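Here the sequence shown stands for residues 1 to 343, where the numbers follow my numbering.
C-beta: ideal position from N, C-alpha, C; glycine also.
In this text, all values refer to a predicted model and were calculated from it rather than measured experimentally.
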Amino acid sequence: MSASSVLLIYTGGTIGMLADPRTGTLRPMDLSHLEEQVPELERIQVQLGTIAFEQPIDSSDMRPADWLRIAAIIGKNYERYDGFVVLHGSDTMAYTASALSFLLENLNKPVIFTGSQLPIGMIRTDAKENLITAIEIAAAKDEEGQAMVPEVAIYFEYRLMRGNRTVKVHAERFEAFRSPNWPALAEAGVHLRYDRASILPHRNGGLKVHGAMDDRVAVIPLYPGIRAAWVEQALALPDLRAVVLSTFGSGNGPTDKAFLSVLRAARERGLLLMNVTQCVGGRVEQGRYVTSQAFEAMGMVSGHDLTTEACVTKLMFLLAQEQATEEVARRMATPICGEFTLA
Ligand code: ASP
1 MSASSVLLIY
11 TGGTIGMLAD
21 PRTGTLRPMD
31 LSHLEEQVPE
41 LERIQVQLGT
51 IAFEQPIDSS
61 DMRPADWLRI
71 AAIIGKNYER
81 YDGFVVLHGS
91 DTMAYTASAL
101 SFLLENLNKP
111 VIFTGSQLPI
121 GMIRTDAKEN
131 LITAIEIAAA
141 KDEEGQAMVP
151 EVAIYFEYRL
161 MRGNRTVKVH
171 AERFEAFRSP
181 NWPALAEAGV
191 HLRYDRASIL
201 PHRNGGLKVH
211 GAMDDRVAVI
221 PLYPGIRAAW
231 VEQALALPDL
241 RAVVLSTFGS
251 GNGPTDKAFL
261 SVLRAARERG
271 LLLMNVTQCV
281 GGRVEQGRYV
291 TSQAFEAMGM
301 VSGHDLTTEA
311 CVTKLMFLLA
321 QEQATEEVAR
331 RMATPICGEF
341 TLA
């Protein structure tokens with residue numbers, strides 16, 4: 001069997017930065033130095049191609065247009081490679097991975113995101129292991145010669161997680177990501193162990209790369225004492241189409257009349273309201289407590305066990321396709337690519 005081929009797409013982030021010897025400030029390095037930093041790459045049995053953003057960016061500067069750019073690069077190179085590794089800053093990696101899971105319809109090859117907490121040139125770096133194992137996963141095939149992981153995933157610190165289930169939970173630890181509501185797709189120890197039952201099945205029909213996102217989406221985190229008048233201002237933004245309400249516990253919020261009537265009025269004007277829990281794990285159960293019954297009654301859409309990252313990017317994806325907000329509401333209630341589970 002010939003060696004698998006993997007395209008490495010470098011977008012920026014700490015993994016590819018070098019510390020300025022004088023000031024210590026981190027700046028992006030040229031991808032051509034990657035093999036100098038990781039000589040092990042020469043020994044991997046994988047044909048590597050590389051492509052880099054002209055201006056590598058810190059992932060805090062990622063915008064929906066950049067997600068589309070990454071999707072287009074994968075679309076253009078889809079037939080030439082067996083898998084893809086996207087090097088990306090960890091800060092917003094869960095958003096980009098979620099967005100890509102929707103933009104790459106019918107994906108049947110691995111798209112593995114990785115990055116690191118320390119730059120690749122540093123002695124204690126976590127980058128080398130992340131990069132080498134991500135490449136190995138992107139190249140892995142099953143007994144039938146099909147991709148082992150035909151979906152968008154994040155590999156970080158010995159764990160492979162579904163991209164649209166993942167959240168960044170730590171600013172310093174190497175173990176920076178978690179997938180609270182879905183099992184790891186693989187664990188890397190002495191062996192790379194795949195949990196096949198948790199990986200999406202293979203898809204036929206050919207890849208379709210979508211080319212638009214509608215960013216008229218806002219997130220409002222609830223907190224005790226939140227003022228109805230402020231929420232009213234936010235919901236009155238002229239071109240807003242959808243709002244993710246980041247709610248307490250299993251989808252709860254204040255029963256304050258003024259607060260609820262502001263939400264109800266927005267809903268009646270046609271704004272789509274999503275209920276996503278601000279807890280790291282677990283799910284929304286709208287109507288379970290009195291404090292979420294009004295949400296249910298006004299037609300707020302339950303986010304079930306969606307992450308905020310997956311909810312925001314799915315909204316942007318669907319709003320770009322549908323003029324009718326109610327059609328988006330309907331499609332938000334059905335999983336597209338394993339991003340949530342109905343109870
Ligand atoms: N600020 C960096 C970024 O997200 C952090 C990292 O790469 O992990 O681009």
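Sorry if obvious, but does the Cβ on residue i come closer than 7 Å to a heavy atom of the ligand ASP?
i: Ser60; result: yes
i: Thr125; result: no
i: Thr14; result: yes
i: Asp91; result: yes
i: Gln117; result: yes
DSSP three-state label for residue i, please.
i: Ala320; result: helix
i: Thr23; result: coil
i: Ser179; result: coil
i: Ile154; result: strand
i: Arg196; result: helix
i: Leu342; result: coil
i: Arg159; result: strand
i: Leu131; result: helix
i: Gly206; result: coil
i: Gly145; result: coil
i: Val85; result: strand
i: Leu315; result: helix
i: Glu187; result: strand
i: Ala52; result: strand
i: Val167; result: strand
Applying the 10 Å Cβ sphere with the 16-neighbour rule, what's the burial state of residue i?
i: Ile74; result: buried
i: Arg178; result: buried
i: Ser98; result: buried
i: Val244; result: buried
i: Gln286; result: buried
i: Pro56; result: buried
i: Val328; result: buried
i: Pro21; result: exposed
i: Ala320; result: buried
i: Arg330; result: exposed
i: Pro150; result: buried
i: Ile120; result: buried
i: Thr11; result: buried
i: Ser2; result: exposed
According to the Cβ coordinates, are residue i and residue j closer than 8 Å?
i: Asp30; j: Ser59; result: no
i: Thr50; j: Leu8; result: yes
i: Asp82; j: Ser4; result: yes
i: Gly349; j: Asn130; result: Nothing in the structure corresponds to residue 349, since the chain is present only between 1 and 343.
i: Arg216; j: Asp239; result: yes
i: Trp241; j: Leu272; result: Contrary to the premise, residue 241 reads as Arg rather than Trp in this sequence. The answer is yes: Cβ separation under 8 Å.
i: Leu103; j: Val209; result: yes
i: Glu157; j: Ala176; result: yes
i: Arg165; j: Glu322; result: no
i: Ile112; j: Ala153; result: yes
i: Lys109; j: Ala139; result: no
i: Pro180; j: Val280; result: yes
i: Val262; j: Glu232; result: yes
i: Ile135; j: Val85; result: yes
i: Phe295; j: Gly249; result: no
i: Ala266; j: Leu235; result: yes
i: Gln278; j: Thr247; result: yes
i: Ala188; j: Thr125; result: no
i: Leu18; j: Arg27; result: yes
i: Thr255; j: Val301; result: no
i: Gly299; j: Val276; result: no
i: Phe259; j: Ile226; result: yes
i: Leu68; j: Gly211; result: yes
i: Pro39; j: Met213; result: no
i: Gly89; j: Gly13; result: yes
i: Ile137; j: Leu118; result: no
i: Ala333; j: Arg283; result: no
Strictly under 8 Å for the Cβ-Cβ distance: is residue i near chain D by that measure?
i: Ile112; result: As a matter of chain content, chain D is missing from the structure shown, which is built from one protein chain.
Cβ-heavy atom distance between residue i and the ligand MG below 7 Å?
i: Asp126; result: This structure lacks the ligand MG; the ligands present are the ligand ASP.
Worksheet item: Unbroken beta strand (DSSP E) runs of length 3 or more, entirely within the segment 100 to 125: which are they?
Response: Runs found: 111 to 114.
Worksheet entry | Within the segment 211 to 243, ranges of the alpha helix (DSSP H) (whole runs, at least 4 residues) | Taking only runs of at least 4 residues, the alpha helix (DSSP H) segments lying wholly in the segment 211 to 243 are 228 to 235.
Worksheet item: What are the uninterrupted segments assigned as alpha helix (DSSP H) that are 4 or more residues long and contained completely in the segment 5 to 50, given in chain order?
Response: Here the runs fully enclosed are 34 to 37.
Worksheet item: Along the chain, which unbroken stretches of the beta strand (DSSP E) at least 3 residues long are found entirely within the segment 247 to 309?
Response: Those beta strand (DSSP E) runs which fall completely within the segment 247 to 309 and span 3+ residues are 272 to 277.
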